Structure formats: structure tokens, C-alpha cells
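Numbering (UniProt numbering), first residue to last: 1 to 374.
All residues carry an ideal CB built from backbone N, CA and C; glycine is no exception.
Source: prediction; values computed, not measured.
Reading through the C-alpha cells given below for one structure.
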């Protein structure tokens, strides 16, 4: 299989170990084990009681009943447990779902630019991939009229990322309903990567699984719930797709692991406390970032909609990758250059690190930008 590297992952794999001030990640400040233990008010006793009762075998192959029950609570409609399949993070959910659905010669429409697997995997599987472009002048939104022009009778799948990585834009419920209408006109599936849950204006947000009966939804506890260490995600789809994914899971993962299942179940069971903590971080840090941007002549952004990933425009006389590399080498600050998302002249700012890290990282970034004015 010939598949290109994922630009953002390749950059982070090489450079994150060298960072002193990491403001590139898109997880809301990862929880420590101590913070996780505190969630139940019993120093984690409920978690360890749950774990102590488990044999360290393969466990529940598709995810435990307790895990599936907590996932089901995230959606408005009643989701059959058979249609919830545990995966190795949202990355594994996307891979298995795409392998299950996409066939050689299929026509696939992918929101672009966004997280590369959503268009590179279908292309590698032999599909003809066309881009549904997001537009900065529309607030990083795509145009539904452009989607209508792209769709064909043989369109098999439409891939979207809601909220968007890296720009942080959110497709509202009305847009999702329009996407579903377009997809239904040709019987296409819609795969929606929902790993970034918006933490504001939630009345305007819906999961695609609550909008469209041919939706395939992927998610995990890594980003919004701040526990990427669990490596635990899920995919929700109809019977036909779920049954196909079962076969691919046997080739790619077999199971998520007893410990990971227990940790993810515990996290989702206490999600209200985690979301309360994370709203404070997201909104507080966004204010810090906005105040900093307002004082910069060479930086602008369209503020993200309560999600941890964002994109900043850089007005610099240097290639963005060269600038980010120099910023890391000289000041220890890590950003992801926009060119790694096919968005040159900018960078992904993961503004939801711990506030002291964000403040110092932005301060040093400001110093590097000031050199262009000397």
C-alpha cells in the first residue's frame, strides 16, 4: 500500500520531543492520573474496584457493555450497542470505517483541507477523491452549493471533520442537515470525525448520527476528554457498515485492551466534571490568545468555536515550516506549520495547553515575530 505521510503527525513525531513550550497539540491539557483519581471523590476507588475485578485477558472484543452504555449517552437517538465498536483512538475508528466502506472506483468527497487521513485513505483504497473546500472568507466554512455541484450518482462517501482540524470551525446543525440531504439524494454515506466536541453554543451542534441514518461517526476520549493515553475511541454506523468493520477490526486491532476500556469508561462516566474543567481552560486560554493576537501586527485568526485547535495566519517573509523550525531551535516553542495541513502562511496553534505554557509560548513567539520588524 502506497500512502503518503500525514504531515502533522510526521512533524510532531520528529519535533515534539525537543519542545520546551508545546503549543502545537490539539488535546485540551491532558489530565494527570492524580486528576483522574479525584473525579470520583474517592481517590479513584471506583476505577480501581472496576479494574481489580477484571482478568487481564483480551476482555470485551468490541468494547465492554459499560463502555458502550457511556458512549450511547452522548447521542440524542437511541444507539444499538451492536452499532458501537471500540477502536484504537479516533485514528483507528477512521481507518476501520474507511476500509469498510470505500471500494476501488468509488467517488468520495472530502472536506479540504483537514486531517489528511480523511482524504488520503480513500485515495489509497482506490477511490476518486474530490475536495469540498473550506473558505477562509466564509469563516472557514464550506459552501453547500459547492457540495451539491460535486455530488454524483456514484458518490459513495462524504467525509467531514466537525469541528475542523486545524482551523477550529464548527458546522452547525442546519449545515449538517443540508449535508445529509445532499448525501441522501444519491444514497451516500457521511463519515463525520467528531473528536473535537464544541464546548460553546452547544444548542447549535448535533452529532451526525442524530441527523442522518447513513452516518458513520468517529470519536475518542483523546481530545475533548483530555485522556489520549487511553488510546480508546469508537465508531458508530448502521448494521451493514458495523458488520464490515468487525472484520477489519480483527485484522487491525482485535480489541482495545481491558485497562484502556476501563479507563475510557471511567472518563466518560465522569465527563461532566471533565467538561467543566475543560471549558474553563478553553475559554480562559482563548481569551489569553486573543489578547496576545490583538497586540501582534503579524498575526491574525478566526477564533475557534470552543474547541482546542486553531489556525493563525502569519505575515512573515519566511516559509512557515522554516520559521516554525527556527522558533523551536532558538526558543523551544513548538507549532505545526500550516503547510503541513496544505494551509501555507500560518500555523496550527493548540491553544489549550496549561495556561502558563501558553502564555510563555506566545511571549516567545512574539519575540520571534518582532525580529521581522527590525
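Beta-carbon contacts of residue i that lie in its chain and below 8 Å, excluding the five residues immediately before and after
i           : result
residue 135 : 141, 142 and 143
Pairwise C-alpha distance: residue j and residue i
i           : j           : result
residue 191 : residue 159 : 5 Å
residue 71  : residue 88  : 15 Å
residue 147 : residue 112 : 12 Å
residue 242 : residue 290 : 42 Å
residue 266 : residue 260 : 10 Å
residue 122 : residue 98  : 7 Å
residue 363 : residue 187 : 51 Å
residue 349 : residue 44  : 33 Å
residue 161 : residue 347 : 18 Å
residue 15  : residue 322 : 13 Å
residue 392 : residue 328 : Given that the chain is displayed from residue 1 to residue 374, the structure contains no residue 392 and the question cannot be resolved.
Option nearest residue i by Cα separation, candidates the options
i           : options               : result
residue 5   : 362, 243 and 340      : 340
residue 245 : 1, 96 and 22          : 96
residue 373 : 42, 325 and 296       : 296
residue 100 : 195, 252, 330 and 259 : 252
residue 443 : 238, 210 and 274      : For residue 443 there is no data in the structure shown, the boundaries of the chain being 1 and 374.
residue 21  : 371, 367, 199 and 359 : 359
residue 106 : 370, 126, 94 and 366  : 126
residue 66  : 276, 268, 277 and 203 : 268
residue 35  : 271, 211 and 166      : 271
residue 174 : 102, 185 and 212      : 212
residue 330 : 282, 26 and 365       : 365
residue 80  : 309, 239 and 91       : 239
residue 51  : 262, 59, 69 and 294   : 262
Opening and closing residue of the alpha helix (DSSP H) in which residue i lies
i           : result
residue 149 : 144-150
residue 157 : Careful: residue 157 lies outside any alpha helix (DSSP H), inside the beta strand (DSSP E) at 155-161.
residue 90  : 89-101
residue 36  : 33-38
residue 392 : Past the boundaries of the shown model lies residue 392; the chain is included only from 1 to 374, so the question cannot be answered.
residue 210 : Counting along the chain, residue 210 falls outside any alpha helix (DSSP H), and DSSP gives it neither H nor E.
residue 266 : 258-269
Residue i vs residue j beta-carbon contact at 8 Å
i           : j           : result
residue 338 : residue 311 : yes
residue 46  : residue 114 : no
residue 236 : residue 84  : yes
residue 256 : residue 63  : yes
residue 217 : residue 77  : no
residue 320 : residue 345 : yes
residue 150 : residue 179 : no
residue 431 : residue 157 : Any question about residue 431 goes unanswered here, given that the chain covers just 1 to 374.
residue 10  : residue 124 : no
residue 278 : residue 28  : yes
CB contact below 8 Å: residue i versus chain B
i           : result
residue 360 : Absent here is chain B; the protein component of the structure consists of one chain.
Segment limits, beta strand (DSSP E) that includes residue i
i           : result
residue 234 : 233-236
residue 318 : No beta strand (DSSP E) contains residue 318, which DSSP labels as neither H nor E.
residue 30  : Per DSSP, residue 30 belongs to no beta strand (DSSP E) and is neither H nor E.
residue 189 : 189-193
Residue i beta carbon near the ligand NAD (any heavy atom closer than 7 Å)
i          : result
residue 41 : No copy of the ligand NAD appears in this structure; indeed no ligand is present at all.
7 Å Cβ shell around residue i - same chain, five flanking residues per side excluded
i           : result
residue 198 : 163, 170, 205, 305, 306 and 307
residue 120 : 3 and 4
Cutoff 6 Å; reference residue i; Cβ partners in own chain excluding five residues on either side
i          : result
residue 40 : 46
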